[in-house]
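Below: the structure, in structure tokens.
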Amino acid sequence: MVKKSNDKPAQPVETDDESEIILQCQQGNRHAFGILVERYKKPAFFTALGFVGDHDTALDLSQEAFVKAYRAIKSFENGKRFFTWYYRILRNLCFNHLRDSAHRPRPFSEIGEQALQSLSDAEADPEKAMESNEVRDMVWRGLNRLKVHEKEIILLKDFQDFSYKEIAEALQCPLGTVMSRLYTARKALKGELERILAS
Numbered sequence: 000m001v002k003k004s005n006d007k008p009a010q011p012v013e014t015d016d017e018s019e020i021i022l023q024c025q026q027g028n029r030h031a032f033g034i035l036v037e038r039y040k041k042p043a044f045f046t047a048l049g050f051v052g053d054h055d056t057a058l059d060l061s062q063e064a065f066v067k068a069y070r071a072i073k074s075f076e077n078g079k080r081f082f083t084w085y086y087r088i089l090r091n092l093c094f095n096h097l098r099d100s101a102h103r104p105r106p107f108s109e110i111g112e113q114a115l116q117s118l119s120d121a122e123a124d125p126e127k128a129m130e131s132n133e134v135r136d137m138v139w140r141g142l143n144r145l146k147v148h149e150k151e152i153i154l155l156k157d158f159q160d161f162s163y164k165e166i167a168e169a170l171q172c173p174l175g176t177v178m179s180r181l182y183t184a185r186k187a188l189k190g191e192l193e194r195i196l197a198s
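Going by numbering that gives the first Met the number 0, the letters in the sequence shown line up with residues 0 to 198, in that order.
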């Protein structure tokens, strides 16, 4: 006898409301989860790429994280932002990969202009930075010299546009810690950029 799946057949989802989409996911609607994947696959990929520095590995990890998220979707607390919850899954996979492969993230240039959208350092103008490949590449070289936790918080705030509250939820730390870490990370990035310019 063939065991029946508990998943509902793919059905159209007639809403853009994330909470409603997630509710349908929790009821077994795979089509609804596909909408979430389409909505977040690009930021998921760039987040993973920021950690591991390799296109194919980032793609694999972001897809694996979506599979894990789908399997755990019933544990998702509706009313929260999906990507904040998904990010914790992806982050763990990326850290496990870096630990298991025993290497530091490699510098990468392929992230390009889409990733560098909103670098909000007080002395940086992201629009001007994006106009110059040289400046963009310099920023990525600077990021790759930072400690993992410094790079992570800059990616979340300045590249993924997380709010302070969302970062606190994703990293499971107090709001004040997020603010102090971000200040320290931006200061460290500024120092690295100054060293690159001086070299």
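Using N, Cα and C, we set each Cβ at its ideal position, and we do this for glycine too.
L155 and I166: beta carbons closer than 7 Å?
yes
For A187 and L145, I'd like the C-alpha separation in whole angstroms.
7 Å
State the start and end residues of the unbroken alpha helix (DSSP H) segment that holds T183.
Here the alpha helix (DSSP H) through T183 covers L174 to A197.
Exposure label - T46; buried when at least 16 CB within 10 Å:
It counts as buried.
Cβ neighbours of R80 in the same chain (closer than 7 Å, five flanking residues each side left out)
E165
With distances taken between CB atoms, is the gap from T83 to A169 smaller than 7 Å?
yes
State the CB to CB distance for the pair A31 and Y85, rounded to an integer number of angstroms; the pair is presumed to be in contact (CB under 8 Å).
Contact flag wrong, Cβ pair sits at about 15 Å.
Per DSSP, N143 is paired with what?
None, per the DSSP bridge assignment.
Beta carbon of Y163 nearer than 7 Å to that of V147
no
Measure the CB-CB distance between L192 and I152 and report whether it falls below 7 Å.
no
Range covered by the alpha helix (DSSP H) that runs through F161:
From DSSP, F161 is part of no alpha helix (DSSP H); its letter is neither H nor E.
Name, in chain order, the residues that DSSP records as bridge partners for K79.
N77
Segment contact, 8 Å Cβ cut-off, at least three pairs: the stretch 19–30 with the stretch 64–78:
yes
Using the Cα positions of M137 and E19, report the straight-line distance between them to the nearest angstrom.
42 Å
How far does the alpha helix (DSSP H) with D55 in it reach, from first residue to last?
H54 to R70
Express the C-alpha separation of N28 and A68 in angstroms, rounding to a whole number.
14 Å
How long is the line joining the alpha carbons of D16 and I34, rounded to whole angstroms?
Rounded to the nearest angstrom, the two C-alpha atoms are 11 Å apart.
N143 to K40, Cα distance in whole Å?
23 Å
Residue nearest to D157 in terms of C-alpha spacing, selected from V66, Q62 and W139
W139
Rounded to the nearest angstrom, how far is the Cβ of L89 from that of L60, given a contact under 8 Å?
7 Å
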